[in-house]
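Numbering (the numbering used here), first residue to last: 152 to 920. By construction, the Cβ of each residue, glycine as well, lies at the ideal position given by its N, Cα and C atoms.
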């Protein structure tokens, strides 16, 4: 706090000869604050961007000044006048309907840290997707350095990291599981989202707690000028969004809800006999609800309240004349965020936040024998796993001079982990259940300071550090995490960037690697299992060719990881034993990942899109796995190629297409087998992840028709083809034994591939009113 007061004194004394222009940049139609808008002072040749609340602060000498404000998809605005005093004002930009830019990187490319992408939500919504359900998370897999798991899943593997190493924030609340339908769709309803920033390296000091990436997602604030809505009906389900002013120009709301019962897909998971004597019934549904309120109390103070709840529900019944088995499963997230922002002075912006987040995963089974019509319960259990966080944050954005922007803050997180809460009639001792159902509390404190310093007109330095203190089970872990970024303008639209990040992660994840319902178990670092650690270095060069609307970049990275965990050799789930989980898992694993990322984008004209290619390698080593030798990580996909194209056919019709190619991920398969005298095979393995899934590739195509009727309602018809040329991509592999009926001793092993989706058409219709 003393440092902050010192900076305030500097800002009001040493630089008193200059004046400060500050305020908010907004959408002229809805009043939404625009995050990352560019403000450039053509008089001083200095610029800045709005923060996560749409606020900016920029210095200029007294007298005439020319300020240009721009944002992707909006018509730029220029303010030219004689400024004699510091001023705070709002700037409203108009949407430019003629712009059809893709723009993965914004116009302030030279000032963006290495590894950061700012992707317009509307661009992600327009990409073809599974069953026509727009998915902003899966769309990220079309960008460099990011891939997904098996076909149809939304787990993100960023630069060799595992899914748990991604910090996913929704209005600053952590989302622990971002997947619906076992991973086929994400929990984020694009109609409720305003922006999404993705960091793969060069992490600013304000972010901590994960190793591989940060997805900073912001919900819309709601239209504070007029009421509007949007309704969508598709194969997957329904979507409704309503927003409008509570007090015009001062307070607004938005509510967005999505529900799906899988529509036509439900027929694929239901099988019953006509007599209804035996068979299987399965039902599946999911929903998510986003809501947000905001109120501009004064010109300097604003409050926000946002909530999110999403849940998946599965019910399965297998029945016969002699038994009746029922399984219920559910998982989901609940978050709540209260924030207050205040402009202390034109040079100091403050924010206070209180955040709640919870992820829960539950499964329950009731099995009955049926004798002479009488049901007798012979097996039942209920298992619940959850992690719950309560977070407090304070942050200051400080603008001491036109060359320096500072962020300082403190985060406090109270974690509560319940890896498993098991209730059962199985013969398990009370002592075993007590160990198995253990709860763990932990506290985490993060203090950070980061600086953007324009050392010259060509050189931008981002330097910062984060100190983290984590306490659990009378154990304290202290972590110092330096961060460094350099951007150098080489001239002629060439930019060179460098980033160095040290990261610490205080949570672990054990996840089911097979096919079936998700069984994610979030676990804390403990006295026996230390926090994960990573160190990443990245270097990139970037080129813009404005006359052709092209953008080219190449990035290289190297990342080392320590204190990883995994299942022991030959197991997939932790068993109910007298040992706690941190006594069973393999620990102290090491990881390494490195790669090259190539990116070429065309951002203007009727045809827009990009090509992204990643060449990479990621490996792991554990003392008791694979004889201690390095082996390919499950997330190792050496080649990843994506081609995205969008073409405007007319004023109403447009066509979008994506094509992806990925190396199959590493899997463990037997190399040989031995048979006993009864011809039962014993499988022989040469090592962990010794083989690979077949390579996968897929073409998706989408057509969109937009019209506006006399009432001003925008109507959109979307038609799509997922997996247009019917490629049988692998989802799972199974080892089977083939037998010659006439010679039982003549047996051989074979690998059977399972695929999920053939060519799938989709249709959806939406109305915005």
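What is the DSSP secondary structure of residue 777, counted as helix, strand or coil? helix
Kindly indicate which residue of 705, 714 and 381 has the alpha-carbon position closest to the one of residue 678. 714
Do you know how far the Cα of residue 493 is from the Cα of residue 611? 28 Å
Can you grab the Cα-Cα spacing for the pair residue 229 / residue 912, in whole Å? 46 Å
Determine the DSSP secondary structure at residue 341, reduced to helix, strand or coil. helix
Throw me the rounded Cβ distance for the residue 171 and residue 189 pair, which I believe falls under 8 Å. At roughly 18 Å, the Cβ-Cβ gap does not stay under 8 Å, so residue 171 and residue 189 are not in contact.
Keeping to the same chain, check which residues put their C-beta closer than 6 Å to that of residue 761; ignore five residues upstream and five downstream. 752 and 795
C-beta atoms of residue 307 and residue 361 nearer than 7 Å: no
Member of 442, 659 and 687 whose CA lies at the smallest distance from the CA of residue 675: 659
Could you have a look at residue 452 and say whether DSSP puts it in helix, strand or coil? strand
Out of 174, 560 and 476, which one is the CA nearest neighbour of residue 532? 476
On the three-state DSSP scale, how would you describe residue 769? strand
Out of 324, 356, 347 and 227, which has the shortest C-alpha to C-alpha gap to residue 602? 356
Whose C-beta lies closer than 8 Å to the C-beta of residue 372 among residues of the same chain, with five residues either side of it excluded? 182, 183, 184, 345, 403, 405, 443, 445 and 455
In whole angstroms, what is the alpha-carbon distance linking residue 589 and residue 482? 20 Å
Which of the three DSSP states, helix, strand or coil, is assigned to residue 314? helix
Quick one: what's residue 921 bridged to in DSSP? The structure shown does not extend to residue 921, since the chain is modelled only from 152 to 920, so the question has no answer here.
Taking the alpha carbon of residue 782 as the point to measure from, which residue in 832, 840 and 491 has its own alpha carbon closest? 840
Reduced DSSP category for residue 293 - H, G, I as helix; E, B as strand; rest coil: helix
On the three-state DSSP scale, how would you describe residue 288? helix
Does the stretch 385-394 touch the stretch 309-327, meaning 3 or more C-beta pairs lie closer than 8 Å? no
Do you know how far the Cα of residue 374 is from the Cα of residue 673? 37 Å
Which two residues bound the contiguous beta strand (DSSP E) that contains residue 799? 790-799
Assign residue 876 to buried or exposed, taking buried as 16 or more other Cβ atoms, counted over all protein chains shown, within 10 Å of its Cβ. exposed
Alpha carbon of residue 539 to alpha carbon of residue 696, nearest angstrom: 48 Å
Alpha-carbon spacing of residue 568 relative to residue 510, whole angstroms: 10 Å
Relative to the C-alpha of residue 759, which candidate in 832, 277, 495 and 234 has its C-alpha closest? 277
How would you write the range of the beta strand (DSSP E) that residue 272 sits in, first residue to last? Element bounds for residue 272: not the beta strand (DSSP E) but the alpha helix (DSSP H), 272-276.
Here's a check: name, in chain order, each residue in its chain whose Cβ is nearer than 7 Å to the Cβ of residue 213, leaving out the five neighbours to either side. 170, 234 and 235
Ranges of the beta strand (DSSP E) found wholly within the stretch 341-399, counting only runs of at least 3: 344-350, 364-370, 379-385 and 389-398
Would you identify the three-state DSSP class for residue 261, choosing helix, strand or coil? helix
Classification of residue 905 by the beta-carbon crowding that lies within 10 angstroms, buried from 16 upward: exposed
Helix or strand or just coil, what does DSSP make of residue 332? helix
Is it right to say residue 398 is buried, meaning 16 or more other beta carbons lie within 10 angstroms of its own, or is it exposed? exposed
Can you tell me where the beta strand (DSSP E) with residue 816 in it begins and where it stops? Run containing residue 816: none; DSSP gives neither H nor E here.
With contact counted as at least three CB pairs below 8 Å, one residue from each stretch, are the stretch 646-653 and the stretch 323-342 in contact? no
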